[in-house]
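> Per the UniProt record's numbering: the sequence shown = residues 1 to 154.
Each residue gets a CB set at the ideal place from its N, CA and C atoms; glycine is no exception.
All figures in this text were calculated on a predicted structure; none of them were measured in a lab.
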Amino acid sequence: MMNPFESTDEPDRHIRKIWEIFFEQEVAHLHKAVEALKKYEKKEWQQVIPGTGEYPELLHFKTQKEYVREVLASQIELTADRETFVDIHDLPAGHEFFDWQKKVNGKTRNVPSHEVVEEYIGKNGRDYRSEEAENPVPALQDRKADNTEIGRIR
C-alpha cells in the first residue's frame, strides 16, 4: 500500500512523521477490522464496504485564513434561538438570551477571560492577537480595548 504522506503538503518533517504514524495506526486498525469481520461475521470486507478500497484523492492542506475571516465577519452576531441561529439584533428585547447573558456573565469585566485580556492589554499596550490584516469586524479592530459587547448585546 502506498503511503499517501510521501507527497504531503506538510513541510515540517517532524509533524509529517506524526501524521505518518497516525496513518500507519489507521491502516493497522483496518487490517484488524478485516480479521474480525472474517472471524466473527464470516464476510469479506468487500461485502460490507462498497467500492474498490482505494483511497480517495487526498485533501490538500492550505491556508484557511480568508475563509475564517469571512465566517467571522458574517456570523459574529449570530446566536442560537432554540434550534436555529439568528442575528442577535433580531431577538426581541426580553428574549431569554439576554437574561442568560446577565445571569452567567453579569459584569463582563469580571468574566475571567475578559480579565485576562484586560490584564494583557495593561501590560503590553494591546491585546494578544496576531493579525496579518485588519480585523474584518469593525467592532474588533481596536486592539487596545476588549470588546465585551459584540455577540452579547443588541
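Which runs of the beta strand (DSSP E) at least 3 residues long sit entirely within the stretch 67–99? Give them in chain order.
78–81, 84–87
> Which residue from 73, 79, 25, 51 puts its Cα closest to that of residue 138?
73
> Evaluate contact between the stretch 118–128 and the stretch 63–73, counting only Cβ atoms and requiring at least three cross-stretch pairs below 8 Å.
no
> Does the beta-carbon of residue 56, which I'm using as the reference point, lie nearer than 7 Å to any heavy atom of the ligand COA?
Because no ligand of any kind appears in the structure shown, any question about the ligand COA cannot be addressed here.
> According to DSSP, simplified to helix, strand and coil, what is residue 40?
It is helical.
> If we ignore side chains and look at the alpha-carbon of each, how far apart do residue 110 and residue 10 end up?
41 Å
> Within the continuous alpha helix (DSSP H) that includes residue 113, where are the two ends?
In this chain, the alpha helix (DSSP H) harbouring residue 113 covers 112–124.
> Look at the alpha carbon of residue 77 and the alpha carbon of residue 153, and state the distance between them as a whole number of angstroms.
Pairing residue 77 with residue 153, the inter-Cα distance amounts to about 9 Å.
> Can you tell me which of 87, 47, 82 puts its alpha carbon nearest to the alpha carbon of residue 34?
47
> Please list the segments of the alpha helix (DSSP H) lying wholly inside the UniProt region "Disordered" (127–154), counting only runs of 4 or more residues, in order along the chain.
none
> Closest to residue 88 by CA distance: which of 151, 18, 17 is it?
151
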